[in-house]
Amino acid sequence: MAGLRKLITAFLAGEIDPMMHGRVETDHYAYGLTTCENFVPTNEGPIVKRPGFEYICDADPSSTWLGAFRFSITQEYLIEWGELKARFYTNGGRIETAPGVAYEVATPYAAAAAPRLSTQQSYDRLYIDHGSYRPASLLRTSAVTFTWAEQQFLGGPFKDMNTDEAITVTASAVAVGFSTTITATPRSSRPGMWARFSRSRPRIIPASPRGRRG
C-alpha cells in the first residue's frame, strides 16, 4: 500500500513545545515545526532564510550586554554596556568622536550588573534601575550624544507614616513658600532626607531607603 504524505504549505506556528507534539487535533500541530534552524517563520505562512550578520567593529573587551534605545521607528540605537561605560551604534555603524575612536558615556554600572539593568523608554530619555544603584536616566541630547545622570525624584517615595512619638522635629521657618530646615532627633544621622508632614497633625513620613533626593 502506498504511503500518504500531507502537503504542508504553512509554518506560521513556528517551533512548538514538545508537550504539543501529540496534539494532532490543534491548529498549532498542523502549522508547527519540531525544529526550525536558520529559517524564520512568517505570519503569512512560508518560512524564509534568516538574515545574515554584518560586522561593524570589535566590542570593548569589558562589554557584556547589548540594550536598545528606541526613540522612533527611524531613530534607534544599540547600547553596548561595558565596565563603567556605554557605547552606541546606529545606522549600521558605531558613534565615534574620531575615526576609530568610540564615543563613550561614563556610567557607574559594573559589567556584571549590565544584564540586570531594568530600563524604560520615554521619548529621548531611558530610565534605568538596578537594585545596587540609584535610579538614573540616559538622555539623548542630540543625534550622536547622550548624557547619564542620577534621577532626581520630587515628593518621595515615602515610607509609612511615623508613629514613634519620641521622634521630634524643629523647623527653622513655618511660613508657606519659605525654605525650611528640619532638625530631627534621634534620627539626626539622615541629613538631606525627604520628609512629609500631614496638615491635621504633624507627623514625619521619611523617605524610604530606595527613595531619592530631588
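In the working numbering, the protein residues as written are 4 to 217.
In this text, a Cβ means the ideal position worked out from N, Cα and C, and glycines have one as well.
| query | result |
| --- | --- |
| Kindly identify the DSSP beta-bridge partner or partners of A105. | E99 |
| Please look up how many angstroms separate the CB atoms of Q154 and Y130, rounded, as I've assumed it's under 8 Å. | 7 Å |
| At 3 residues or longer, and completely inside the region 41-67: list those beta strand (DSSP E) runs for me, N to C. | 42-44 and 50-52 |
| Which residue comes first and which comes last in the alpha helix (DSSP H) that contains H31? | D30 to Y34 |
| For the beta strand (DSSP E) that A89 lies in, which residues bound it at each end? | K88 to T93 |
| So for R216, helix, strand or coil by DSSP? | The predicted model places R216 with a pLDDT of 43, which falls under 50 and marks its position as unreliable, so this point remains unresolved. |
| Do you know offhand how far L142's Cα is from R128's? | 4 Å |
| How big is the Cα-Cα spacing for I11 and D20? | 19 Å |
| Helix, strand or coil for A114, going by three-state DSSP, please let me know. | helix |
| Looking at the strands, I want to know which residues DSSP matches up with L141. | L129 and W151 |
| In whole angstroms, give me the CA-to-CA distance for R215 and L81. | For R215, the predicted structure reports a pLDDT of 45, less than 50, and the residue's modelled location is therefore unreliable. The matter cannot be settled from this model. |
| Using the C-alpha atoms, what's the distance from A33 back to L69? | 36 Å |
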